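Asker: Before I ask anything, here is the structure I am working with.
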Amino acid sequence: MTKKDQIHILGPCSLESDEQIRKVINLVSSLGTSYIRMPLFKPRTSPDSFQGMGVQGIPIVKKLGAEYPTLKFVTEVCSERQFDLVKDHVHIIQIGARNMQNFELLKYVGKNFSHEAVLLKRGFSSTFKEWMEATRYLTNAGIAREKVILCERGSRLMSSPTGVVLDFVMALKAKEKGFKVIIDPSHGTKDRKYVLKLAKASLAMDFDGLMIECHPNPETSISDSEQALSLEEVKNFYFSNHS
Ligand code: PEP
Ligand code: MN
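So this is what it looks like as structure tokens:
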């Protein structure tokens, strides 16, 4: 269903409850993939918006890690403190678009890294050069290049009807530099109607995988509900669209 070395990271925009994430785990298990989004700390535009479960979610992550030793958890860190809080409980450390040029964070993650990989998303107005230089903060601190996975999540574009546009050439160029590159068509379109079309295009272009936001009940997703797919939609996509 998915190619052997590909990385398919599925799950909600935010961890909301034990019950919610167990439904995602069932989906991931049925697909034979193993990477799950487990976002605890959300960088939100408005301070009034849900900021993620934060430390309250850590017991859930720990419990599920013990129950499902073959699953791999991916979580975003926005600060050194957040890295320290999650470092022993997750497999991939995500540095999001807003922190791609948080140089002190990049250096700290680089120095204290002992994980399967670090996922570095491109900032939504970052140039190719800025993205590549950001990777050097990680590798200069000691992370092997093979462990740096890059994620294209689109650029902000006022003329786009959704306000964002995925930059496939940017992602192809990152691949030419020898990095694994995955595509995030969820933040890259901000509209569930287009997510799977661009996911399909990404796989046709031989990228190394996808990051897709999904939720047991997308309409009720506390964050990014407009782009969340149902678990059934994701399941059908993987069963029907990819060899
Ligand atoms: C995310 O993946 O949860 C996220 C916030 O994405 P981005 O950093 O690309 O906005
Ligand atoms: Mn999101």
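Counting the sequence shown from 1 gives a position; the working numbering is that position plus 5.
Glycine is no exception: its CB is placed at the ideal position from the N, C-alpha and C atoms.
Please read these numbers as outputs of a predicted model, since none were measured by experiment.
Between which two residues does the beta strand (DSSP E) harbouring Tyr-40 extend?
Answerer: Your numbering for residue 40 matches position 35 in the sequence shown. From DSSP, the beta strand (DSSP E) with Tyr-40 extends over 40 to 42.
Asker: Tell me which same chain residues have a C-beta within less than 6 Å of the C-beta of Pro-190, skipping the five on either side of it?
Answerer: Along the sequence shown, read from residue 1 onward, the residue named residue 190 stands at position 185. If we look at Pro-190 and ignore the five residues flanking it on each side, its Cβ neighbours are Val-200, Leu-203 and Ala-204.
Asker: Please decide whether Lys-9 counts as near chain B, where near means a Cβ-Cβ distance under 9 Å.
Answerer: Considering every chain present, this structure includes no chain B. It has just one protein chain.
Asker: In terms of residues, what are the limits of the alpha helix (DSSP H) holding Gln-106?
Answerer: Residue 106 sits at position 101 when you count from the first residue of the sequence shown. It is not in any alpha helix (DSSP H) - Gln-106 carries neither H nor E in the DSSP assignment.
Asker: Closest to Glu-72 by CA distance: which of Pro-48, Gln-106, Gly-115 and Asp-23 is it?
Answerer: Sequence index remark: in the sequence shown, residue 72 carries index 67 (1-based). Glu-72 has its Cα closest to that of Asp-23, out of Pro-48, Gln-106, Gly-115 and Asp-23.
Asker: According to DSSP, is Met-58 helix, strand or coil?
Answerer: For the purposes of this step, residue 58 is taken as the residue at position 53 of the sequence shown. DSSP places Met-58 in coil when its eight states are reduced to three.
Asker: Alpha carbon to alpha carbon, how far is Pro-48 from Lys-134? Give it in angstroms, no decimals.
Answerer: For the purposes of this step, residue 134 is taken as the residue at position 129 of the sequence shown. For the purposes of this step, residue 48 is taken as the residue at position 43 of the sequence shown. Roughly 24 Å separates the two Cα atoms.
Asker: Is the beta carbon of Ala-209 less than 9 Å from the beta carbon of Arg-158?
Answerer: Working through the sequence shown from its first residue, we reach residue 209 at position 204. Working through the sequence shown from its first residue, we reach residue 158 at position 153. Not in contact: Ala-209 and Arg-158 (Cβ atoms no closer than 9 Å).
Asker: As a quick check of your reading: which residues have a C-beta less than 5 Å from at least one non-hydrogen atom of ligand 2, in chain order?
Answerer: Answer in sequence order: Cys-18 and Asp-229.
Asker: The beta strand (DSSP E) with Val-123 in it runs from where to where?
Answerer: As a first step, residue 123 is located in the sequence shown; it is residue number 118 there, counting from the start. Counting along the chain, the beta strand (DSSP E) containing Val-123 begins and ends at 122 to 126.
Asker: Just checking Gly-292 against ligand 1 - is the residue's beta carbon closer than 8 Å to any of the ligand's heavy atoms?
Answerer: Since the first residue shown for the chain is 6 and the last is 248, residue 292 is missing from the structure and cannot be characterised.
Asker: Can you tell me whether DSSP reads Val-186 as helix, strand or coil?
Answerer: Residue mapping note: residue 186 aligns to position 181 of the sequence shown, counting from 1. Reduced to three states, the DSSP call for Val-186 is strand.
Asker: For Ile-63, name the three-state secondary structure that DSSP assigns.
Answerer: The sequence position of residue 63 within the sequence shown is 58, counting from 1. If DSSP states are grouped into helix, strand and coil, Ile-63 belongs with the helices.
Asker: Please state the DSSP three-state secondary structure of Ile-98.
Answerer: Position 93 of the sequence shown, counted from the start, is the residue given in the question as residue 98. Here Ile-98 sits in strand by DSSP.
Asker: Select from Leu-90, Ser-34 and Tyr-113 the residue whose C-alpha is nearest the C-alpha of Lys-240.
Answerer: Sequence index remark: in the sequence shown, residue 240 carries index 235 (1-based). Per the Cα distances, Ser-34.
Asker: Which residue wins for smallest C-alpha separation from Leu-124, given the options Val-169, Thr-132 and Thr-144?
Answerer: Start at 1 with the first residue of the sequence shown, and residue 124 comes out as number 119. For Leu-124, the nearest C-alpha among the options comes from Thr-144.
Asker: Mapping DSSP to helix, strand and coil, what is Thr-167?
Answerer: Here residue 167 refers to the residue found at position 162 of the sequence shown. Coil.
Asker: Using the rule of at least 16 other Cβ atoms within 10 Å of the residue's Cβ for burial, across every protein chain shown, is Ser-228 buried or exposed?
Answerer: The count along the sequence shown starts at 1 and reaches residue 228 at position 223. By the neighbour-count rule (16 or more Cβ atoms within 10 Å), Ser-228 is buried.
Asker: Could you say which of Val-82, Ser-84, Ile-98 and Ile-41 lies nearest to Leu-76 if we only look at CA atoms?
Answerer: Taking the sequence shown and counting its residues from 1, the one referred to as residue 76 is at position 71. It is Ile-41 whose Cα lies nearest to the Cα of Leu-76.
Asker: Measuring only the C-alpha atoms, how far is Ile-65 from Gln-99?
Answerer: Here residue 65 is taken as the residue at index 60 of the sequence shown, counted from 1. Here residue 99 is taken as the residue at index 94 of the sequence shown, counted from 1. Straight-line Cα distance between these residues: approximately 19 Å.
Asker: How far does the alpha helix (DSSP H) with Val-200 in it extend, from its first residue to its last?
Answerer: Stepping through the sequence shown from its first residue, residue 200 is reached at position 195. 197 to 209 is the extent of the alpha helix (DSSP H) around Val-200.
Asker: With distances taken Cα to Cα, identify the nearest neighbour of Lys-116 among Asn-104, Tyr-142 and Pro-223.
Answerer: Along the sequence shown, one-based indexing puts residue 116 at 111. Selected option, being the one with the closest Cα: Tyr-142.
Asker: Determine, using beta carbons only, whether Ile-63 and Phe-78 come nearer to each other than 9 Å.
Answerer: As a working mapping, residue 63 is identified with position 58 in the sequence shown. As a working mapping, residue 78 is identified with position 73 in the sequence shown. Result no, Cβ atoms of Ile-63 and Phe-78 do not sit closer than 9 Å.
Asker: Only counting the same chain, and skipping five residues up and downstream in sequence, which positions put a Cβ closer than 6 Å to that of Met-43?
Answerer: The residue you call residue 43 lines up with position 38 of the sequence shown. Cβ neighbours of Met-43 beyond the five flanking positions: Leu-20, Val-66, Phe-78 and Thr-80.
Asker: Taking all protein chains shown into account, do 16 or more other C-beta atoms lie within 10 angstroms of the C-beta of Val-174, making it buried, or fewer, making it exposed?
Answerer: Here residue 174 is taken as the residue at index 169 of the sequence shown, counted from 1. Result: exposed.
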